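Which chain is which? The protein sequence lines are A and B, in order.
Numbering (my numbering) for the first sequence: 1 to 131.
Numbering (my numbering) for the second sequence: 1 to 128.
Following: one structure in structure tokens, then a few remarks.
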Amino acid sequence: MNRTYELMFIVRPDMVEEDLDKLISTLESQVTTSGGTVKNVERMGKRRLAYVVRRFADGMYILLTVEGSGDMIHELERRLRVTEPVIKFLTVRTDEEDKRLDKIKKIRESRKKAPPAAPVETGGEGAAVTA
Amino acid sequence: MADETRTTTAEAPASTERSDRPERPERPAERSGDRSGDRRGPRPGGPGGRGDGGRKYFRRKKVCKFCVEKIEAINYKDVRLLAQFVAESGKIVPRRLTGVCTPHQRRLSTAIKQARNIALLPFAGRAS
Numbered sequence: 001m002n003r004t005y006e007l008m009f010i011v012r013p014d015m016v017e018e019d020l021d022k023l024i025s026t027l028e029s030q031v032t033t034s035g036g037t038v039k040n041v042e043r044m045g046k047r048r049l050a051y052v053v054r055r056f057a058d059g060m061y062i063l064l065t066v067e068g069s070g071d072m073i074h075e076l077e078r079r080l081r082v083t084e085p086v087i088k089f090l091t092v093r094t095d096e097e098d099k100r101l102d103k104i105k106k107i108r109e110s111r112k113k114a115p116p117a118a119p120v121e122t123g124g125e126g127a128a129v130t131a
Numbered sequence: 001m002a003d004e005t006r007t008t009t010a011e012a013p014a015s016t017e018r019s020d021r022p023e024r025p026e027r028p029a030e031r032s033g034d035r036s037g038d039r040r041g042p043r044p045g046g047p048g049g050r051g052d053g054g055r056k057y058f059r060r061k062k063v064c065k066f067c068v069e070k071i072e073a074i075n076y077k078d079v080r081l082l083a084q085f086v087a088e089s090g091k092i093v094p095r096r097l098t099g100v101c102t103p104h105q106r107r108l109s110t111a112i113k114q115a116r117n118i119a120l121l122p123f124a125g126r127a128s
């Protein structure tokens, strides 16, 4: 239940704002009913598509960051497939990647702290005292 | 051959293997007449065994952009970064031309493919 996913989908450009809001809130409620959490909703705006998708050259990109299980994503994708305005979607699992990035950050931070001063956990005063 | 590798006692078999190596490639060369020098086994030093697609010897050492700038996260969303590694035709540029290291090239390749799927990059044609 701790899987983090990024769900990016493209909505047809001639869609009304309120319909879009309705769609997003439907998806959000779906997430919460399946026991997940919505971390972030980002509307990336209208962009030109790199190729024609269902006779559309532009689309509204929306990025949804959610946390939940695989079944939840299954259900979400099923809904997106059925929803008429959604022309494309992509789900990426990100928790492993985030873990890796955190690890690297921690290693880098520990490396920065270690060489300049002695690895003392107390603040600068402690280092001064020991020195 | 398997027996020789198992026994670590004598260094003699290892040395005989080494002396065997220069012999073996030369034999097919002799047999088939004038083959190009590429067939000969390990080239001494030089470009370090990198066959640069038929180029001569030295190519200035290209460094991996990601390793140098310490970019860890290669996301499918940053199209500008990905577009640098995509040719005009939309193809992914091989790493011998860009100098990217293998793990980063793999991640880059996955990211480009994801971006293609979500219409951020084209499959073929100019990246707008």
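No residue lacks a Cβ here, since even glycine has one placed at the ideal position from N, Cα and C.
Keep in mind it's a predicted model, so treat the numbers as computed, not measured.
Just to confirm my understanding: we take residue i, look at its own chain, exclude 5 residues before and 5 after, and list those with CB closer than 7 Å. What are they?
i, result
"glutamine 30 of chain A", "Glu75, Leu76, Arg79"
"alanine 57 of chain A", "Arg48, Leu49"
By DSSP's criteria, residue i is part of a beta bridge. Which residues make up the other side?
i, result
"leucine 101 of chain A", "Paired residues: none, contrary to the question."
"isoleucine 92 of chain B", "B:Val86"
"tyrosine 76 of chain B", "Answer is none; tyrosine 76 of chain B lacks a bridge partner."
"lysine 88 of chain A", "A:Ile10"
Kindly list the residues whose CB is nearer than 6 Å to the CB of residue i, restricted to its own chain and excluding five residues on each side of it in sequence; keep chain order.
i, result
"alanine 73 of chain B", "none"
"glutamate 28 of chain A", "Val38"
"alanine 87 of chain B", "Val93"
"arginine 43 of chain A", "Ile62"
Looking only at its own chain, which residues have a Cβ that is under 8 Å from the Cβ of residue i, when we skip the five neighbours before and after it?
i, result
"glycine 35 of chain A", "Met1, Gly68, Ser69, Met72"
"methionine 15 of chain A", "Met60, Pro85"
"glycine 125 of chain B", "Ser89, Gly90"
"valine 53 of chain A", "Ile10, Gly59, Ile87, Lys88"
Would residue i count as contacting chain B if we go by Cβ distances under 8 Å?
i, result
"tyrosine 5 of chain A", "no"
"leucine 27 of chain A", "no"
"arginine 12 of chain A", "no"
"alanine 50 of chain A", "yes"
Is it the case that the Cβ atoms of residue i and residue j are separated by a distance below 8 Å?
i, j, result
"leucine 7 of chain A", "leucine 49 of chain A", "no"
"lysine 88 of chain A", "alanine 119 of chain B", "yes"
"aspartate 102 of chain A", "threonine 4 of chain A", "no"
"threonine 132 of chain A", "leucine 23 of chain A", "Absent from the structure is residue 132 of chain A, since the part of chain A shown begins at 1 and ends at 131."
"tyrosine 136 of chain A", "phenylalanine 85 of chain B", "With chain A represented from 1 up to 131, any question about residue 136 of chain A goes unanswered, as that position is not in the structure."
"glycine 99 of chain B", "lysine 62 of chain B", "yes"
Compare the C-beta of residue i against all C-beta atoms of chain A and say whether one is closer than 8 Å.
i, result
"alanine 87 of chain B", "no"
"threonine 103 of chain B", "Going by the sequence as given, residue 103 of chain B is proline instead of threonine. Chain A, which has no Cβ nearer than 8 Å to the Cβ of proline 103 of chain B, makes this no."
May I have a chain-ordered list of the beta strand (DSSP E) segments no shorter than 3 residues that lie completely inside the region 11-76 of chain A?
-> Taking 3 residues as the minimum length, the beta strand (DSSP E) runs contained wholly in the region 11-76 of chain A are 37-53, 56-68, in order along the chain.
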